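These notes concern the structure reproduced below.
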């Protein structure tokens, strides 16, 4: 008897669907990065002022969509495309296991902080909404820290001014 599962249960089917969905997301990201690379190349070759017209006529992309695709290329291209065997490879970059939606959301995090964020969160298994919330929480925590630092700085400056005024009296 072979060890293959022959019973088709809802659990088995769900696992297959989720695997296919994850694979499709990675293929979509790789394709988007490749398109971004070619858009960047075309933009660099076109005369000034022709980019928008070329986008509309040649590839039917809006400026915004083209910008996002080129940004995906610039941010992830060399890392992702340099590691074709990303699945399960411990040496592959963290971005190799992202879906297209996850990669877009993570553009909101500076490049130098992105890999650490991916490592600290289970990004690969997060939904789009969960990831958006995690990025929002991160941004809010950073802003709160800045606000506290600003308040402390202001308090120290105010104390220095108060001390100066008291010494003059």
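Residue numbers (our numbering): 560 to 728. Note that CB positions come from ideal geometry on N, CA and C, so glycine has one too. Computed from a predicted structure; not experimentally measured.
The three-state secondary structure of residue 653, taken from DSSP, is helix. No residue range can be given for residue 666, since it is assigned to no alpha helix (DSSP H) and is classified by DSSP as neither H nor E.
Beyond the five residues adjoining it in sequence on each side, residue 599 comes within less than 7 Å, by CB distance, of 629 and 632 in the same chain, given in chain order. In terms of Cβ geometry, residue 592 and residue 639 form a close pair [threshold 8 Å]. Burial check for residue 673: the Cβ neighbour count within 10 Å reaches 16 or more, so the residue is buried. Taking a 10 Å sphere around the C-beta of residue 714, we find fewer than 16 other C-beta atoms and assign the residue as exposed. Residues 635, 638 and 639 of the same chain have their beta carbon placed closer than 6 Å to that of residue 654, with the five preceding and five following residues left out of the count. In this chain, the alpha helix (DSSP H) harbouring residue 602 covers 569-604. In this structure the segment 616-626 does not lie against the segment 581-589, because fewer than three pairs of beta carbons, one per stretch, are closer than 8 Å. Proximity to residue 601 across 590, 581, 625 and 578 peaks at 625, based on C-alpha coordinates. In its chain, beyond the 5 residues on either side, 694 and 698 have a beta carbon closer than 8 Å to the beta carbon of residue 667. Taken through DSSP and simplified to helix, strand or coil, residue 706 comes out as helix. CA-to-CA, the gap between residue 590 and residue 658 works out to about 11 Å. Residue 575 and residue 686 have their alpha carbons spaced roughly 18 Å apart. About 25 Å separates the beta carbons of residue 661 and residue 614, which is beyond the 8 Å limit, so they are not a contact pair.
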